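Number of protein chains: 2
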Amino acid sequence: MIQEEGHVKIRDLSEKFEVSEMTIHRDLKLLMEQGLVKKIFGGVQLQEVSNKIQQKQCTYCHKPISNEGKLTYQLILSANRIERTCCAHCGILRHKQLGEVVLQALCHDFMTNTTISATTAWFVMDTSLQMGCCEPQVLTFGNKDHAEKFVKGFEGTVLRFEEAAERVTEAMQASCCSKQK
Amino acid sequence: MIQEEGHVKIRDLSEKFEVSEMTIHRDLKLLMEQGLVKKIFGGVQLQEVSNKIQQKQCTYCHKPISNEGKLTYQLILSANRIERTCCAHCGILRHKQLGEVVLQALCHDFMTNTTISATTAWFVMDTSLQMGCCEPQVLTFGNKDHAEKFVKGFEGTVLRFEEAAERVTEAMQASCCSKQK
DNA sequence: TCAAAATATAACATTTTATAACAACAGTAT
DNA sequence: ATACTGTTGTTATAAAATGTTATATTTTGA
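Protein sequence lines, in the order shown, are assigned to chains A and B.
Mind the numbering: the first sequence is residues 17 to 197 in the working numbering, read in order.
Mind the numbering: the second sequence is residues 17 to 197 in the working numbering, read in order.
In structure tokens form, the structure reads like this:
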């Protein structure tokens, strides 16, 4: 409903789902904390378009994003929203978190800095070259050949989007005391 | 209303939105503080805007935009907003994303650097000349003849705006694992 | 220049919406 | 069965928005 209208009243949601307004408030709070919607007095609306306020922080880890930002990852969402993360590590996690709201994802070829689509990119993990952004590190490449040549020199594994996503998620959920969630 | 007329009376706004004039005054005060409108005795008018804030980053992929910016694409939006992308690739995607908000779109002829309208420009894709900005690359030409001569030497396909938009969107939404959404 | 009319502002009252604290309830593990 | 957990609804209270009235300011026209 919010997606379609751009703005909905708490009362409408309450009637629609046949629950109290209190419940709606509570549920919206979660969406708000995820940064998906914005509560205004009397309703909810989609989070502001970020075209003026240049995002200077990673949406996921909140680290400042450097200006050249070769490592950054951009998420193009519905309703003209754009999010930006410091690197593919945070980008992939946020991407998975948002799910279908993500219309497109952009990243940059590590060698040429060409902007490419993340879903078709090649991801390199476990390499010896440490960029020092996030752990586990994920580098992005526009073509397989480059990624493989890179790995030849700097070691690591070449992965597709889904594989990389799985690896990162797994690594982040691992617990210190080996008992998985 | 203010946008369209350039000048509106408080009373009209009050009747239009079915609230008291006091509320209109209060709400306009906020717009005024944001510098969007100017209150005059008996009404509001649009505030003149200075587009001094030159964007130095691509609105879409956030890559820094070089100063000569031969490849850049400009979107002229309502309410005197201007957005700038690094190249036609991002420009077209952002253009489609914003939809009707875009009043005009500018780009440059690849050979002469002449500023031209994007909607009437000729777009060249799949050429052998790699500028290294974004993938899939899109070059812009002011006239069909030039585009075709370019293609004769450097290969590629000459497209109109809509065709190019479709091609780029498709490429960006493609998934790595061949199962389309 | 001045008074009358029109419009704006300030202060307060009223209404609407949000939040916090608590109680009721269902499901789950012990 | 019992204690625990998490969700929901209810109530009271707080916060925000809106409307009303009285007063100030600006404009208009003689």
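Glycine included, C-beta positions come from ideal geometry on N, C-alpha and C.
Keep in mind it's a predicted model, so treat the numbers as computed, not measured.
Per DSSP, the bridge partner or partners of residue i
i, result
"A/ALA121", "A/LEU91"
"B/PRO80", "B/GLN73"
"A/LEU155", "A/VAL140"
"B/GLY59", "B/LYS25 and B/ILE56"
"A/GLU99", "A/LEU91"
"B/VAL174", "B/VAL140"
"A/SER7", "Chain A is shown from 17 up to 197; residue 7 of chain A falls before or after that span and cannot be answered."
"B/CYS150", "A/THR131"
Contact check, residue i vs residue j, beta carbons under 9 Å
i, j, result
"A/GLU99", "A/GLY172", "no"
"B/PHE177", "B/THR135", "yes"
"A/PHE139", "A/THR156", "yes"
"B/MET17", "B/LEU29", "yes"
"A/ALA121", "A/TYR76", "no"
"B/CYS150", "A/ILE81", "no"
"A/VAL154", "A/HIS78", "no"
Proximal chain B residues relative to residue i, where beta-carbon distance stays under 7 Å
i, result
"A/LEU91", "The premise fails here: A/LEU91 is roughly 11 Å from chain B at the closest Cβ pair, so nothing lies under 7 Å."
"A/LEU122", "CYS77"
"A/GLY85", "HIS78"
"A/ARG183", "What A/ARG183 touches in chain B: nothing, since even the nearest Cβ is about 14 Å away."
Rounded Cβ spacing between residue i and residue j (contact assumed at less than 8 Å)
i, j, result
"A/LEU91", "A/GLY107", "7 Å"
"A/VAL118", "A/HIS111", "6 Å"
"A/GLY22", "A/LEU47", "With a Cβ gap of about 15 Å, A/GLY22 and A/LEU47 do not count as contacting."
"A/ILE56", "A/ILE40", "Contact flag wrong, Cβ pair sits at about 14 Å."
"B/ALA137", "B/GLY158", "7 Å"
"A/VAL174", "A/PRO152", "The Cβ separation is near 15 Å, so there is no contact."
"A/LEU87", "A/MET141", "Wrong, their Cβ atoms sit about 14 Å apart, outside the cutoff."
"B/GLN189", "A/ASN96", "Actually they do not touch by this definition, with Cβ atoms about 17 Å apart."
"B/VAL24", "B/GLY59", "6 Å"
Beta carbon proximity, residue i to chain B, threshold 9 Å
i, result
"A/PHE177", "yes"
"A/GLY22", "no"
"A/SER30", "no"
"A/THR39", "no"
"A/THR143", "no"
"A/ASP161", "no"
"A/LEU119", "yes"
"A/ILE98", "yes"
"A/ASN67", "Because A/ASN67 sits at a pLDDT of 41, beneath the cut-off of 50, its placement in the model cannot be relied upon, and the following sentence gives the value as read from the coordinates. So, interface residue."
C-beta neighbour in chain A for residue i, strict 9 Å
i, result
"B/GLY158", "no"
"B/SER187", "The sequence shown places Ala at residue 187 of chain B, not Ser. For B/ALA187, the answer is yes, since a Cβ of chain A falls inside 9 Å of its Cβ."
"B/LEU44", "no"
"B/GLU151", "yes"
"B/PHE33", "no"
"B/GLN113", "yes"
"B/GLU109", "Glu is not the amino acid found at residue 109 of chain B; the sequence shown has Leu there. Interface residue, yes."
Cross-chain neighbours of residue i in chain B, by beta carbon under 8 Å
i, result
"A/THR173", "By Cβ distance, chain B contributes nothing, its closest Cβ being about 15 Å from A/THR173, past 8 Å."
"A/THR101", "In chain order: nothing, as chain B lies at least about 11 Å away."
Amino acids of chain A, ordered along the chain, whose beta-carbon sits closer than 9 Å to that of residue i
i, result
"B/HIS105", "THR131"
"B/GLY169", "Chain A residues near B/GLY169: none, gap ~22 Å exceeds 9 Å."
"B/GLY148", "ASP125, THR128, ASN129 and THR130"
Contact list for residue i against chain A, beta-carbon separation under 8 Å
i, result
"B/SER191", "THR135, THR136 and PHE177"
"B/LEU47", "Simply none; closest approach about 15 Å."
"B/LEU62", "Within 8 Å Cβ-Cβ: nothing; B/LEU62 doesn't reach chain A, min ~17 Å."
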